Amino acid sequence: ETGVTQTPRHLVMGMTNKKSLKCEQHLGHNAMYWYKQSAKKPLELMFVYSLEERVENNSVPSRFSPECPNSSHLFLHLHTLQPEDSALYLCASSQKKGGPNSPLHFGNGTRLTVT
Amino acid sequence: AQSVTQLGSHVSVSEGALVLLRCNYSSSVPPYLFWYVQYPNQGLQLLLKYTSAATLVKGINGFEAEFKKSETSFHLTKPSAHMSDAAEYFCAVSENNAGNMLTFGGGTRLMVKP
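These protein sequences, in sequence, are chains A and B.
If you're matching positions, the first sequence starts at 272 in our numbering and goes up one per residue.
If you're matching positions, the second sequence starts at 831 in our numbering and goes up one per residue.
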């Protein structure tokens, strides 16, 4: 139990499908993140939500759409994905102002395969 | 801008041998530095962090890392490798006060031979 729960663990979807990834944190944190982990590439920060503020990596395509309804839940809505979007998507949480004494806590990820 | 370079995408050691995983960073301000470990089919777990206090940082599972400003390095070591140490290790740097906008290195996969 990591305190950050991601569902589903595995997802296979076609390029025309719409799906959503879910993340829930039970740590009382006020910042949540989506990271993309592709083979042979460094982890890529996609989105940050903290204290109702959103920060995004401008290189993330619009076919990825985050939603953060409250400080405990984070979604990543997916539509018309491409095969190169296949990756492990990791959710993380932290205290925004906690400094390095409040590092990131990661979930176990959703393994996404786009066919 | 900050960046992290991990030399060696794969490192193989024998059980009981010294583990040395290299990390060099670039940062325009004094950095916060982290090592994370990822076991198969799991997310990343914090091993240790440098926060400008002691330059030698001890983490979990017997790992430690030394911050060397002159070399811009933060190498991870463990005196004696165990089979359970086989995993992927990520070095990360942060420049912001909250320490949570991390830039990760490409990772090093550690293999431990019996």
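All residues carry an ideal CB built from backbone N, CA and C; glycine is no exception.
Just so we're clear, the structure is a prediction, and the values are computed from it rather than from any experiment.
Query raised in the report: Can you give, in chain order, each stretch of the beta strand (DSSP E) that sits fully within the segment 308 to 343 of chain A and has at least 3 residues?
Result: Within the segment 308 to 343 of chain A, the runs of beta strand (DSSP E) at least 3 residues long that lie entirely inside it are, in chain order, 315 to 321, 324 to 327 and 335 to 341.
**Report entry** Residue range of the beta strand (DSSP E) that includes PHE934(B)
**Finding:** Element bounds for PHE934(B): 932 to 934.
Report task. Check each candidate in ASN379(A), LYS312(A) and VAL319(A) and name the one with the smallest Cα separation from ASP356(A). Result -> Cα-wise, what sits closest to ASP356(A) is LYS312(A).
Query raised in the report: Per DSSP, what kind of secondary structure is LYS293(A) in: helix, strand or coil?
Result: In this structure, LYS293(A) counts as strand in the three-state DSSP scheme.
Query raised in the report: Applying a beta-carbon distance threshold of less than 7 angstroms, which residues of chain A neighbour GLN872(B)?
Result: Those are ASN379, listed as they occur along chain A.
Query raised in the report: By DSSP, does GLU955(B) sit in helix, in strand, or in coil?
Result: For chain B, the structure presents residues 831 to 944; residue 955(B) sits outside this window and is missing.
Report task. Determine, using beta carbons only, whether LEU314(A) comes closer than 7 angstroms to chain B. Result -> Closer than 7 angstroms: yes.
Requested in this report: Let me know if VAL326(A) comes out buried or exposed under the rule of 16 or more other beta-carbons within 10 Å of its beta-carbon.
Outcome: Classification for VAL326(A): exposed.
Query raised in the report: With a cut-off of 7 angstroms, does the C-beta of PHE934(B) fall near any C-beta of chain A?
Result: Under the Cβ criterion of 7 angstroms, PHE934(B) is counted among the residues facing chain A.
Query raised in the report: At what residues does the beta strand (DSSP E) containing ARG382(A) begin and finish?
Result: ARG382(A) -> beta strand (DSSP E) spans 381 to 385.
Query raised in the report: Start and end of the beta strand (DSSP E) containing GLU918(B)?
Result: Bounds of the beta strand (DSSP E) holding GLU918(B) are 917 to 924.
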